[in-house]
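Q:
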Amino acid sequence: MGEIKTYRMYIEGKSCESASGQWFESYYPYTGKVWARFPRGNAEDVDRAVNAAQKAFTQGEWPRLHASQRGALLRRLGDLVAENAQALAETEVQDNGKLIAEMSAQLRYIPQWYYYFGGLADKIEGAVIPIDKPETFNYTRYEPLGVVAAITAWNSPLLLATWKLAPALAAGNTVVLKPSEFTSASALEFVKLVEQAGFPPGVVNVITGFGAEVGDALVSHPDVAKVAFTGGEMTGQKVYETAARGMKRVSLELGGKSPNIVFDDANLDNAVKGAVSGIFAATGQTCIAGSRLLVQESIHNEFVDRLVSFAKAARMGDPSSLETQVGPVTTVPQMEKILGYIDIAKGEGAECILGGGRATRPECGDGWFVEPTVFTGVRNDMRIAQEEVFGPVLSVIPFRDEEEAVEIGNDIVYGLAAGVWTQSIRRALTMTDRLRAGTIWVNTYRAVSYMSPFGGYKRSGLGRENGQEAIYDFLQTKCVWISTAEDTPNPFIMRLPGDD
Ligand code: NAD
14 MGEIKTYRMY IEGKSCESAS GQWFESYYPY TGKVWARFPR GNAEDVDRAV NAAQKAFTQG
74 EWPRLHASQR GALLRRLGDL VAENAQALAE TEVQDNGKLI AEMSAQLRYI PQWYYYFGGL
134 ADKIEGAVIP IDKPETFNYT RYEPLGVVAA ITAWNSPLLL ATWKLAPALA AGNTVVLKPS
194 EFTSASALEF VKLVEQAGFP PGVVNVITGF GAEVGDALVS HPDVAKVAFT GGEMTGQKVY
254 ETAARGMKRV SLELGGKSPN IVFDDANLDN AVKGAVSGIF AATGQTCIAG SRLLVQESIH
314 NEFVDRLVSF AKAARMGDPS SLETQVGPVT TVPQMEKILG YIDIAKGEGA ECILGGGRAT
374 RPECGDGWFV EPTVFTGVRN DMRIAQEEVF GPVLSVIPFR DEEEAVEIGN DIVYGLAAGV
434 WTQSIRRALT MTDRLRAGTI WVNTYRAVSY MSPFGGYKRS GLGRENGQEA IYDFLQTKCV
494 WISTAEDTPN PFIMRLPGDD
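Residue numbering for the sequence shown is 14 to 513, as defined by our numbering.
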């Protein structure tokens, strides 16, 4: 690999190094080699970034823009992302090890978030309340919250940032974005486009560094009004606690252990593809992974055979090749975690019928690859069925009937998503009703859209991203009372409906 690229943070419209002058490195997961370095931020940098965002929220051009003008800026940003899609996709491949095939598609889709929320910006209307007091005019208006801290995970850096930035900016807030320390590059490439689109300095700031040094300082900063977080459950809990001390708004997009349920009346060819995409797409590093595959007993063996032959044929290797179907794991700690869970499953008595270790195929070179792995004979109370692995490891669990599928599907602390494969409309509707998750897919899996609300039940999180309701997570309601009375009534008597 060539020279190591140096990135700088972005505060108040300027690139800058960290206050400490320290750096940290990022690796290309396909080669395991350092490819870029980033400023290692600390509380001082957080303070500078939040002050810049607070200043941009209260002074200058941004608070004076009307909603249609903010919408136009967001649409311009969407155009710029579309124009720079290929370069952004390549950055993500390098920094994260994501497949170019997946990233090219994702980058063609990301602009839609800026168009959608740009369009929504000037359609947020308050109400006139038919108030029950004489000579009184009462109405509501929605106002932005202030500085939003957007903190993201490493698995889909730009997409996760977009889910926060588009509604936050449409609502009129300013943002400090902290990408994961493992994948900071795309945020810093993207913020150049924010500047090019014409957003005033300080409206979007990007600070780089570690969770304990930058993330925590950001969540605790008194001028941060809201934290929009995507990450693991334990970190989410910590963020929630810290934010509670400052009485801040919080939305949390956390982990999952989603059931993907195949009934014997399903179109099995489609269900096999759905099961494979649920766990091996994005190398299983997705919060919505269908990592518990529930298969009806009557088709269990046939289905597993078909699944294994399909998964066996998946091409691993260079993420920058359009031919590759399963890429590397993004970080060494994540690879070790996945391999650790494979050992746990073996120790628990699950049967490994595919993969089961680090990939040593020649096309994987020195990269951080784990073989697509399938375990059968899994019971839902095993750790491999209860804990999020976040990698290409599938647990297959047999079930008897609908009742048992619901019971196993819901017997988990998470509730992010679930899949159901059936040709019966009655069964599809019953299952969508009874499964406790924020997203249910029937005869499809992994579909998301800027239009459709996304978020978790139970320990998978709080709040919703995407769809119209997402913007209200970045707004607060103000209620205005105006008296039209000539005289102010007796201050010691409460006036009731019907009183003159
Ligand atoms: P993580 O919790 O380790 O880190 C997430 C972010 O939080 C990073 O930017 C990190 O630096 C920061 N952070 C760490 N400690 C912090 C602290 N004390 N205060 C503030 N910020 C802190 O998660 P990860 O390993 O990057 O991502 C994987 C997890 O994210 C998985 O559990 C996955 O399911 C989840 N995820 C959820 C969704 C969703 O939409 N529900 C999407 C993607 C990923």
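The beta carbon of each residue, even a glycine, is placed where N, CA and C say it ideally should be.
DSSP three-state call for Ala238: helix, strand or coil?
A: In the structure shown, Ala238 sits in a strand (DSSP, three-state: E or B).
Q: For a test of your reading of the model: does the CB of Asp229 fall under 8 Å from any non-hydrogen atom of ligand 1? Yes or no.
A: For ligand 1, at least one heavy atom lies less than 8 Å from the Cβ of Asp229.
Q: I'd like the ranges of any beta strand (DSSP E) spanning at least 3 consecutive residues and lying wholly in the region 423-464.
A: Complete beta strand (DSSP E) runs here, min 3: 430-434, 452-455.
Q: May I have the straight-line CA-CA distance separating Thr389 from Tyr470, to the nearest angstrom?
A: Cα to Cα, the separation comes out at about 27 Å.
Q: Just checking my contact of Val383 with Leu352 at CB under 8 Å: how many whole Å lie between their CB atoms?
A: Sure, about 7 Å apart at Cβ, within 8 Å.
Q: Runs of 3 residues minimum, wholly inside the region 463-487: which ones carry the beta strand (DSSP E) assignment?
A: Within the region 463-487, no complete beta strand (DSSP E) run reaches 3 residues.
Q: At a cut of 8 Å, does the region 19-27 reach the region 61-70 through at least three beta carbon pairs?
A: Yes, since at least three Cβ pairs between the region 19-27 and the region 61-70 fall closer than 8 Å, the two stretches touch.
Q: Along the chain, where does the beta strand (DSSP E) containing Val122 start, and where does it finish?
A: According to the sequence provided, residue 122 is Tyr. The question's Val does not apply to it. Looking at the DSSP string, Tyr122 is not in any beta strand (DSSP E); the run it does join, the alpha helix (DSSP H), is 113-122.
Q: For a test of the three-state rule: what should DSSP assign to Thr182, helix, strand or coil?
A: The amino acid occupying residue 182 in the given sequence is Leu; Thr does not appear at that position. Three-state DSSP puts Leu182 in a helix.
Q: For Glu499, count neighbouring C-beta atoms within 10 Å of its own C-beta (all shown protein chains included) and say buried if the count is 16 or more, exposed if not.
A: When all chains shown are included, Glu499 counts as exposed.
Q: Start and end of the alpha helix (DSSP H) containing Leu352?
A: 345-360 is the span of the alpha helix (DSSP H), which, as asked, contains Leu352.
Q: Would you say the region 255-263 touches the region 274-292, given that touching needs at least three Cβ pairs under 8 Å?
A: The region 255-263 is not in contact with the region 274-292.
Q: So for Trp167, helix, strand or coil by DSSP?
A: Looking at Trp167 - three-state DSSP - the assignment turns out to be coil, as it is neither helix nor strand.
Q: Leaving out the 5 sequence neighbours to the left and right, which residues in its chain are closer than 7 Å to Lys325 when beta-carbon positions are compared?
A: So the list reads Leu367, once near-sequence residues are dropped.
Q: Do you know whose CA, among Ala179, Ala56, Leu407, lies nearest Leu90's CA?
A: Nearest of Ala179, Ala56, Leu407 to Leu90, Cα basis: Ala179.
Q: Would you check whether ligand 1 has a heavy atom nearer than 8 Å to the C-beta of Thr296?
A: Checking the Cβ of Thr296 against ligand 1 gives no.
Q: Tell me which same chain residues have a C-beta within less than 7 Å of the C-beta of Arg21, skipping the five on either side of it?
A: So the list reads Ser28, Cys29, Glu30, Pro52, once near-sequence residues are dropped.
Q: Does the region 107-118 come into contact with the region 131-150, if we say contact requires no fewer than three beta-carbon pairs (one atom in each stretch) closer than 8 Å?
A: No contact exists between the region 107-118 and the region 131-150.
Q: Evaluate Val342 with the Cβ neighbour count: other Cβ atoms within 10 Å of its Cβ, from every protein chain shown; 16 or more gives buried, anything less gives exposed.
A: Buried: at least 16 other Cβ atoms inside 10 Å.
Q: Could you give the distance in angstroms between the alpha-carbon of Met14 and the alpha-carbon of Trp48?
A: Only weak support exists for where Met14 lies, its pLDDT of 49 falling under 50; the value from the coordinates is given anyway. Rounded to whole angstroms, Met14 to Trp48 spans 7 Å at the Cα level.
Q: Rounded to whole angstroms, what's the CA-CA distance from Tyr122 to Leu509? Just pull it up for me.
A: Straight-line Cα distance between these residues: approximately 54 Å.
Q: Indicate whether Ala295 and Lys111 have their beta-carbon atoms separated by less than 9 Å.
A: Yes.
Q: Given this structure, state the Cα-to-Cα distance separating Ser496 from Asp145, to the nearest angstrom.
A: Computed Cα separation, rounded: 12 Å.
Q: Taking the alpha-carbon of Glu74 as reference, which of Asn186, Pro332, Leu171, Gln436 has the nearest alpha-carbon?
A: Looking at the Cα atoms, Asn186 is the closest of the given residues.
Q: Does the separation of the CB atoms of Leu78 and Leu86 fall below 9 Å?
A: In this structure, Leu86 lies closer than 9 Å to Leu78 by Cβ.
Q: If you follow the beta strand (DSSP E) that Tyr41 is part of, which residue opens it and which one closes it?
A: Counting along the chain, the beta strand (DSSP E) containing Tyr41 begins and ends at 36-41.
Q: Report yes if the C-beta of Lys111 is less than 8 Å from at least one heavy atom of ligand 1; otherwise report no.
A: No, ligand 1 has no heavy atom inside 8 Å of this Cβ.
Q: Would you identify the three-state DSSP class for Thr196, choosing helix, strand or coil?
A: Residue state, collapsed to three classes: coil.
Q: Out of Val339, Ala166, Ser290, Asn97, state which residue places its alpha-carbon closest to the alpha-carbon of Thr457.
A: Taking only the C-alpha atoms, the option nearest Thr457 is Ser290.
Q: To the nearest angstrom, report how far apart Ile223 and Glu266 are at their CA atoms.
A: In the sequence on display, residue 223 carries Phe and not Ile. The alpha-carbon atoms of Phe223 and Glu266 are separated by roughly 19 Å.
Q: Shortest alpha-carbon distance to Lys205 belongs to which of Val219, Phe195, Glu315, Pro192?
A: Checking every option, the nearest Cα to that of Lys205 belongs to Val219.
Q: Using the Cα positions of Ile410 and Gln309, report the straight-line distance between them to the nearest angstrom.
A: So the two alpha carbons sit approximately 9 Å from each other.
Q: For the alpha helix (DSSP H) containing Asn280, list its first residue and its last residue.
A: First-last for Asn280: undefined, no H or E at that position.
Q: Contact check, Leu231 vs Val189 under 8 Å by CB: the rounded distance?
A: With 8 Å as the limit, Leu231 and Val189 qualify as a contact, their Cβ atoms being about 6 Å apart.
Q: Do you know offhand how far Ser462's Cα is from Tyr40's?
A: Computed Cα separation, rounded: 30 Å.
Q: Shortest alpha-carbon distance to Leu488 belongs to which of Gly139, Arg50, Gly468?
A: When each option's Cα is compared against that of Leu488, the closest is Gly139.
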